[in-house]
Structures are given as structure tokens and as C-alpha cells.
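Working notes, structure below.
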Amino acid sequence: MRLDKFLAESSIGSRKNVRIYIKEGSVKVNGQVITEPAIDINENVDVIEYFDKLVIHPGKVYYMFHKPAGCITARKDEVNKTVIDYFNEVDMNGVFHVGRLDKDTEGLLLFTNDGDFEHHLMCPQKHVEKKYFFIALGSLTEDDVNKLEKGLSIGKDEPLTKPAKINIIRNGTYKEFEKEMDIKKFYNIDSNRYNQPVVSGYLIISEGRKHQVKRMLKAVGCYVIYLKRVSIGGLTLDETLKKGQYRTLVEEEIQMLLKDL
Ligand code: URA
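So the sequence shown is numbered by the UniProt record's numbering: it starts at 1 and just counts up by one.
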């Protein structure tokens with residue numbers, strides 16, 4: 001699409017005015033000032049800025065979703081409820097989830113029809129950080145923390161995990177956790193094992209391998225009983241969204257995610 005057409009369709013101004021803005025040097029394509037209105041841009045790939053502000057074409061959509069446990073990250077499923085089933089008021093044709101969360105994982109999941117945005121967030125070379133809150137049976141020693149931070153083996157024939165960041169929030173027993181949190185709904189333990197150690201914390205990883213957090217914690221002897229993704233890059237789950245609710249991302253959030261990269 002022509003650059004001037006893209007800007008006019010994005011409500012920056014009339015076709016005539018946007019040509020002037022372009023010639024004046026107010027428009028950047030992929031970080032470079034472009035002064036030629038007729039230049040062809042790829043609206044699915046190129047990043048267009050007007051006075052350093054990202055221009056979003058109205059055809060593009062971006063949603064933040066608070067995924068509940070119990071639904072699967074897929075478009076369709078014969079048996080299970082899917083994440084798409086929660087978007088019954090919007091047209092989700094061509095809109096896809098950015099990455100996946102396991103059926104029992106809760107938290108931040110993004111949706112878009114912008115392939116470039118998805119690629120930026122998912123591409124392993126970009127190392128976008130994802131932060132997870134976990135509760136796990138077991139305990140973490142200093143040595144375990146070091147292993148998680150340095151990188152460890154989580155499967156035969158797989159490379160070591162990339163260095164991660166870990167922040168332990170609490171060590172306690174199942175009984176103690178149960179008093180404060182409704183962990184019974186995630187994992188119901190036999191009462192004669194109530195003294196079993198439980199640990200909670202945040203794990204930040206920059207990869208997206210299958211069941212990665214669970215497998216990393218398993219590699220140091222912990223069994224995840226609750227997992228929630230709280231952030232992706234600089235974007236944190238909006239806690240005013242109840243489980244199963246979504247909202248569109250605001251321009252600053254989209255800009256921040258793209259600029260982060
Ligand atoms: N790691 C996991 O183990 N599960 C998820 O859903 C996401 C990350």
C-alpha cells in the first residue's frame with residue numbers, strides 16, 4: 001500500500017495533507033524519515049510513525065485476554081472450551097493468539113491479526129521476557145535457584161534453557177498455603193501429607209518452549225500446581241480484567257511492545 005494512503009486511512013489527515021506531512025519529514029518508516037508519499041510500504045510488516053508515534057491502521061486489532069484455567073489455546077476443539085469462545089462479541093476472523101498457555105495455566109494472553117506484531121513477540125531471537133507466578137510442591141535451594149538462573153536441561157536432545165530470573169515469594173507447607181489461598185481447587189492433597197513443602201514465586205523466561213516453566217521447575221524437583229502469566233515484555237496483565245474478560249490494547253501499549261523489541 002502507498003504510504004500516503006496508509007496514513008490517510010489511519011486518520012492522520014486527508015490524502016492531500018498527509019503528503020505535506022510526509023514531505024515535511026514528520027513520518028518515519030522503520031525508524032527512517034521518508035519524504036516520498038508514493039513509496040510502497042507493507043502494512044503488515046513495516047512500522048510507521050508520525051511525529052514518533054506509532055500509526056495503527058484501523059484494520060489491525062490487538063487484545064489482551066485474562067485466560068482462565070480450563071480452556072485450551074486453540075481456535076476450535078470438539079471437547080474443550082477454547083480461548084476464542086470468550087470473544088463472542090467480536091469478529092475473530094483472521095485474529096489469532098500470540099503464543100500459547102496450557103489448559104490449566106491462567107493469565108495474560110494476547111490476540112492480534114497483525115502478523116508482524118506476533119512475529120516480534122514470538123521470534124526466539126528477540127528474547128521477549130515472560131513473567132509467571134507459580135505455586136509448586138517442593139522447595140528450592142540456593143543451588144536450584146542458581147541452576148534455574150544459569151540454564152538447565154529440561155529434556156533429552158534439547159539445548160539448556162536460557163538464563164532465567166527467579167524471585168521466591170514464599171516457602172511453607174501445604175497446610176500453611178491452604179490457610180491463605182484456595183489452593184485446594186488447583187491441587188487437593190491427602191491430609192496426612194499436609195506438611196509437604198510448597199514454594200511460590202516468579203519465574204521470568206525469555207523462551208517459549210512447551211510446558212517450559214513446569215519442566216524447568218520439575219528439573220529442580222518441584223511440581224507446579226498453579227501457574228499464571230503476569231506479563232509479556234513491558235506489558236502487565238490488567239488486573240481489572242476478570243478471568244475470561246478481554247480488552248483492546250491502547251496505542252501506548254502496542255507502541256511499547258513494538259519498541260521494546
Ligand atoms: N510454561 C508452562 O509450563 N506452561 C504454560 O502454560 C506457559 C509456560
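The beta carbon of each residue, even a glycine, is placed where N, CA and C say it ideally should be.
Every value quoted in this text rests on a predicted model; they were computed, and no experiment measured them.
Shortest gap from the CB of Val213 to any heavy atom of the ligand URA: under 6 Å.
Tyr86 places its beta carbon 7 Å or farther from that of Val213.
By the beta-carbon neighbour count (other beta carbons within 10 angstroms, threshold 16), Pro124 is exposed.
Bridge pairing for Glu49: Lys28, Leu54 [DSSP]. Shown here, Glu142 sits in a helix according to DSSP, grouped into three states. Annotation for Thr105 indicates a beta carbon within 6 Å of some heavy atom of the ligand URA. Lys147 has its alpha-carbon roughly 44 Å from the corresponding atom of Lys28. As a beta-bridge residue in DSSP terms, Thr173 pairs with Pro197.
His127 sits in coil when the DSSP states are folded into three classes, being neither helix nor strand.
Following the DSSP letters along the chain, one finds Met64 inside the beta strand (DSSP E) bounded by residues 62-67. Cβ-Cβ separation between Thr73 and Leu108: approximately 12 Å, too far for a contact (criterion under 8 Å).
Ranked by Cα distance from Lys60, the first of Glu9, Leu217, Arg2 is Glu9. Thr82 is bridged by DSSP to Ile72.
In its chain, beyond the 5 residues on either side, Ile22, Lys23, Gly25 have a beta carbon closer than 7 Å to the beta carbon of Thr35. Taking 7 Å as the cut-off, the beta carbon of Tyr174 is found closer than this to the beta carbon of Gln196. For Gly99, there is no enclosing alpha helix (DSSP H), as DSSP marks it with neither H nor E. For Lys162, the closest C-alpha among the options Asp182, Lys126, Asn93 is that of Lys126. Annotation for Leu101 indicates a beta carbon within 6 Å of some heavy atom of the ligand URA.
The DSSP-derived three-state label of Tyr21 is helix. The alpha-carbon separation between Gly31 and Leu121 amounts to approximately 19 Å.
Residue pairing by DSSP places Gly107 opposite Lys67, Arg229 in a beta bridge. Annotation for Arg215: no beta strand (DSSP E) segment contains it, though the alpha helix (DSSP H) segment containing it runs 212-219.
For a cut-off of 8 Å, the C-beta gap from Tyr62 to Ile254 is around 5 Å, short enough to register as a contact. When C-alpha distances from Phe96 are compared across Lys81, Lys76, Asp104, the shortest belongs to Lys76.
Comparing alpha-carbon positions, the option among Gly155, Ile135, Leu160 lying closest to Glu180 turns out to be Ile135. Taking all protein chains in view, the Cβ of Leu160 is surrounded by fewer than 16 other Cβ atoms within 10 Å, so the residue is classified as exposed.
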